[in-house]
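Visitor: Positions 501 to 602 (the numbering used here) are the ones given, in order, by the sequence shown. Think of the CB as a built atom: it goes at the ideal place given N, C-alpha and C, for glycine as much as any other residue. Note that the coordinates shown come from a computational prediction; the quantities given were computed from them, not determined experimentally. Dumping the structure here so I can ask a few things about it.
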Amino acid sequence: MLRYEDLCAAPMEQAENLFRFAGLSWAGQTERFLAASTSAGRSGYYSVFKDPREAAWGWRRELPQEAIDRILGVTGAGTAGRMYGSDRSEWDAGRAEAVRRK
Numbered sequence: 501m502l503r504y505e506d507l508c509a510a511p512m513e514q515a516e517n518l519f520r521f522a523g524l525s526w527a528g529q530t531e532r533f534l535a536a537s538t539s540a541g542r543s544g545y546y547s548v549f550k551d552p553r554e555a556a557w558g559w560r561r562e563l564p565q566e567a568i569d570r571i572l573g574v575t576g577a578g579t580a581g582r583m584y585g586s587d588r589s590e591w592d593a594g595r596a597e598a599v600r601r602k
């Protein structure tokens, strides 16, 4: 399994792994598109060009804490809960805090 946050933390490496897993060839064109589409400073709600760290952790800034707590209460016992654990501090708090301060 691949967590969205892990894909956003290392988009080039994880995309290459996904291509390899799917039996697809990795081309320079793919690498250039991925590099361009994940550069910092790009945004837009519907845009495919985004800073991947913002995409992965922006919800911590955008959602009120009570909404986050409700979501975690529902998903905690399922696959998502097992992938992330119950200790929120292991969810890469440094990156989340950096996004919150933007």
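Counting pairs of Cβ atoms below 8 Å between the stretch 514 to 524 and the stretch 564 to 571, do you hit three or more?
Guide: Not touching, per the Cβ criterion.
Visitor: Taking DSSP as the reference, what is the three-state secondary structure of Asp551?
Guide: Of the three classes helix, strand and coil, the one that applies to Asp551 here is coil, per DSSP.
Visitor: Does the beta-carbon of Arg553 have 16 or more other beta-carbons within 10 angstroms, so that it is buried, or is it exposed?
Guide: Buried is the call here.
Visitor: Please classify Ala556 as buried or exposed, where buried requires at least 16 other C-beta atoms within 10 Å of its C-beta.
Guide: The residue in question, Ala556, is buried, as its Cβ has 16 or more Cβ neighbours within 10 Å.
Visitor: According to DSSP, simplified to helix, strand and coil, what is Ser539?
Guide: If DSSP states are grouped into helix, strand and coil, Ser539 belongs with coil.
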